[in-house]
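Worksheet: one structure, shown below.
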Amino acid sequence: MGGDRARAAKLVEDVIALSDEQAAGEYAEVLRDFAERHWQTEKLFEDRYAEIEIMLDLQEQPISLSRKRLIGAYFCHEYTYAAAALMNPSIVPHPDQSGMNDGAVRFVMSLRAVGEGHISSIAFREGIATADGKFDLWPQSHFATSMLPDDSGIACKGGECAVTVHRDPDSTLSNSVIFPITEKQAGGLEDLRLVRFDHGGGDYEWIGTYTAYSGSAIRSELLRTRDFRSIALEPIEGRAGRNKGMALFPQKIDGQYCMVGRQDGKNLFLLRSDSLERWDDEGVLLMEPEFPWEFVQIGNCGSPILIDEGWLLLTHGVGAMRRYAVGCALLDRDDPSKVIARANKPLLTATDADRFGYVPNVVYTCGALLVGEQILVPYGISDSAVGFATQTVAELLDSMR
Numbered sequence: 002m003g004g005d006r007a008r009a010a011k012l013v014e015d016v017i018a019l020s021d022e023q024a025a026g027e028y029a030e031v032l033r034d035f036a037e038r039h040w041q042t043e044k045l046f047e048d049r050y051a052e053i054e055i056m057l058d059l060q061e062q063p064i065s066l067s068r069k070r071l072i073g074a075y076f077c078h079e080y081t082y083a084a085a086a087l088m089n090p091s092i093v094p095h096p097d098q099s100g101m102n103d104g105a106v107r108f109v110m111s112l113r114a115v116g117e118g119h120i121s122s123i124a125f126r127e128g129i130a131t132a133d134g135k136f137d138l139w140p141q142s143h144f145a146t147s148m149l150p151d152d153s154g155i156a157c158k159g160g161e162c163a164v165t166v167h168r169d170p171d172s173t174l175s176n177s178v179i180f181p182i183t184e185k186q187a188g189g190l191e192d193l194r195l196v197r198f199d200h201g202g203g204d205y206e207w208i209g210t211y212t213a214y215s216g217s218a219i220r221s222e223l224l225r226t227r228d229f230r231s232i233a234l235e236p237i238e239g240r241a242g243r244n245k246g247m248a249l250f251p252q253k254i255d256g257q258y259c260m261v262g263r264q265d266g267k268n269l270f271l272l273r274s275d276s277l278e279r280w281d282d283e284g285v286l287l288m289e290p291e292f293p294w295e296f297v298q299i300g301n302c303g304s305p306i307l308i309d310e311g312w313l314l315l316t317h318g319v320g321a322m323r324r325y326a327v328g329c330a331l332l333d334r335d336d337p338s339k340v341i342a343r344a345n346k347p348l349l350t351a352t353d354a355d356r357f358g359y360v361p362n363v364v365y366t367c368g369a370l371l372v373g374e375q376i377l378v379p380y381g382i383s384d385s386a387v388g389f390a391t392q393t394v395a396e397l398l399d400s401m402r
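First residue of the sequence shown: 2, per our numbering; consecutive thereafter.
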């Protein structure tokens, strides 16, 4: 840290040593190249300078605002958060359903974005889906803003850290990104599975399960919010939290929280807990690979969806040549450990152009949305793009035996 501080101090000294004419010319060039490429660019430079000012004790230095901005620019760089890959979407009803008519649903979609250094972050898109299977995505600008930790910072207890982040009040959710913050997240935030959780009495909370990757180890964590403006990121405690791919049911069953997870790396298990934050249950075996397209392993494709017939669970299977496919199963409404029916053929596979991309031969989703009698499924295409599929509930039920 001492070396970094000395290098930073030397850089500031070099900028301060510029003549007024040189500094003005350098800053004009920075603005010419970058002002239109970012949101509130000069404010960003000012905020970065404020951090440097505290780090180097520059509060008493007589530095002009334009030169402070120039110093801030020297401590910034561009980062394309989805340059390498974009995949594994999840989708839930938006907290704001005002103005929706004729069964339309405003939604929030999350995506796993992978940028330089293979770092995964969480991006969002908003849109509206209609009961006839159509949808529209809201416009997205060419730049994004990072959600920032609250003033309270990172709270750690027993080596486990949680953090609350907030998006800029002037930024839309579609232009906001959550980057790794804690040490356990340093390698990325992967495969968020969102669900609108019903606490009862009209009390909804949006909860997501995702994999935190430190660069050498994984664990499951929770994302919790009620408005997508302030978002808590916290570890899942207990033995079950060591795994990835956990998906929360949207309500308690028999007074307990329930999740579907792949606890052994191959099969699906049903887990129960009295606490949302702690999962010690090893679970009961729910499903094993049965068909050739899922012989390698099976997993969930997001939280189960409650329909009249029971719990509709989208699944994924991995077959020969590690080709991924999406399937489905129907679980008993009152006892989801009972599998009522299951698709013996995949609903969705990578074919033709969809087979080519960052990770070939993969179609994958982390959640679907029920809109009337339609299921809207956003899905990753070979980790390089996102597509959308729709099917009626009746058609899905007909595909199972």
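A virtual CB, placed ideally from N, CA and C, is assigned to each residue, including glycine. Small disclaimer: the values here were computed from a predicted structure and weren't measured.
* Looking at the structure shown, is Met260 part of a helix, part of a strand, or coil, going by DSSP? -> strand
* Proximity below 9 Å, CB of Gly381 to CB of Thr393 -> no
* Asked: Where in the segment 26-64 do unbroken runs of the alpha helix (DSSP H), each at least 4 residues long, occur, reported from the N-terminal end onward?
  -> 42-57
* Quick one, are the C-beta atoms of Ser1 and Trp40 less than 9 Å apart? -> Here the chain has residues from 2 to 402 only, and residue 1 is not among them.
* Asked: Can you check whether the CB of Ile237 is closer than 9 Å to the CB of Glu222?
  -> Note that the C-beta distance between Glu222 and Ile237 is below 9 Å.
* To do: With a floor of 3 residues, list each beta strand (DSSP E) that falls wholly inside the segment 262-299, ordered by position along the chain.
  => 269-274, 285-288
* To do: Identify which residue in Ala163, Ile72, Val31, Asp34 has its Cα closest to the Cα of Asp48.
  => Ile72
* What are the boundary residues of the beta strand (DSSP E) that includes Leu19? -> It is not in any beta strand (DSSP E) - Leu19 carries neither H nor E in the DSSP assignment.
* Which residues bound the beta strand (DSSP E) around Leu174? -> Here Leu174 belongs to no beta strand (DSSP E), and DSSP marks it neither H nor E.
* Bridge-paired residues (DSSP) for Tyr365 -> Gly381
* Asked: Straight-line CA distance for Asp103 to Gln257?
  -> One alpha carbon belongs to Asp103, the other to Gln257, and they sit about 34 Å apart.
* Secondary structure at Leu348, three-state DSSP: helix, strand or coil? -> coil
* To do: Taking all protein chains shown into account, decide if Leu93 is buried (16 or more other Cβ within 10 angstroms of its Cβ) or exposed.
  => Before going further, note that residue 93 is Val rather than Leu in the sequence given. That one is buried.
* Glu403 classed as buried or exposed, judged by whether at least 16 other C-beta atoms fall within 10 angstroms -> Since the displayed the chain opens at 2 and closes at 402, residue 403 lies outside it and no answer follows.
* With distances taken between CB atoms, is the gap from Leu32 to Cys77 smaller than 9 Å? -> no
* How would you label Ser111, buried or exposed, when you count the other beta carbons within 10 angstroms and need 16 or more for buried? -> buried
* Asked: Can the beta-carbon of Cys119 be found closer than 9 Å to that of Val106?
  -> In the sequence under discussion, the amino acid at residue 119 is His, which differs from the Cys named in the question. Against a cut-off of 9 Å, the Cβ pair of Val106 and His119 comes out as no contact.
* To do: Quick one: residues in its chain with C-beta nearer than 7 Å to the C-beta of Leu313, no 5 flanking neighbours on either side, listed in chain order?
  => Pro305, Ile306, Cys329, Leu331, Leu397
* CA-to-CA distance, Leu370 to Ala344, given in whole angstroms -> 19 Å
* **Contacting residues, own chain, Cβ-Cβ under 6 Å from Phe292 (five flanking each side not counted)** => Setting aside the 5 residues that flank it on each side, Phe292 is surrounded in the same chain by Asn345, each with a C-beta closer than 6 Å to its C-beta; the list follows chain order.
* To do: Can you tell me which of the three DSSP states Glu79 falls into?
  => Collapsing the DSSP output to three states places Glu79 in coil.
* To do: Would you kindly report the start and end of the unbroken alpha helix (DSSP H) that includes Ala395?
  => 394-399
* Proximity winner among Leu348, Ser385, Asp309, relative to Ser400 (alpha-carbon distances) -> Leu348
* To do: Starting from Glu222, follow the beta strand (DSSP E) in both directions and report where the run begins and ends.
  => 219-226
* To do: Leaving out five residues on either side along the sequence, give the residues of the same chain with a beta carbon under 8 Å from the beta carbon of Val387.
  => Leu87, Met88, Pro90, Leu112, Pro379, Tyr380, Gly381
* Return the chain-ordered ranges of every beta strand (DSSP E) run that is complete within the segment 292-343 and spans a minimum of 3 residues. => 298-301, 306-308, 311-319, 325-332, 340-343
* Apart from the five residues on each side of it in sequence, which residues of its chain come closer than 6 Å, Cβ to Cβ, to Gln141? -> In its chain, beyond the 5 residues on either side, Ser175 have a beta carbon closer than 6 Å to the beta carbon of Gln141.
* **Span separating the alpha-carbon of Gly266 from that of Gly303** => 16 Å
* Asked: Asp199 by DSSP, collapsed to three states: which one?
  -> When DSSP states are grouped into helix, strand and coil, Asp199 belongs to the strand group.
* Nearest-angstrom Cα distance between Ser177 and Arg402? -> 42 Å
* Bridge-paired residues (DSSP) for Asp137 -> Ile129
* Asked: Under the three-state reduction of DSSP, which class applies to Gln186: helix, strand or coil?
  -> helix
* So, is His317 buried or exposed, given that buried needs 16 or more other C-beta atoms within 10 angstroms? -> buried
* Alpha-carbon spacing of Glu283 relative to Met247, whole angstroms -> 12 Å
* Any 3 or more C-beta pairs closer than 8 Å across the segment 64-71 and the segment 3-22 -> yes
* Straight-line CA distance for Gly100 to Ser276? -> When only Cα atoms are considered, Gly100 and Ser276 end up about 35 Å apart.
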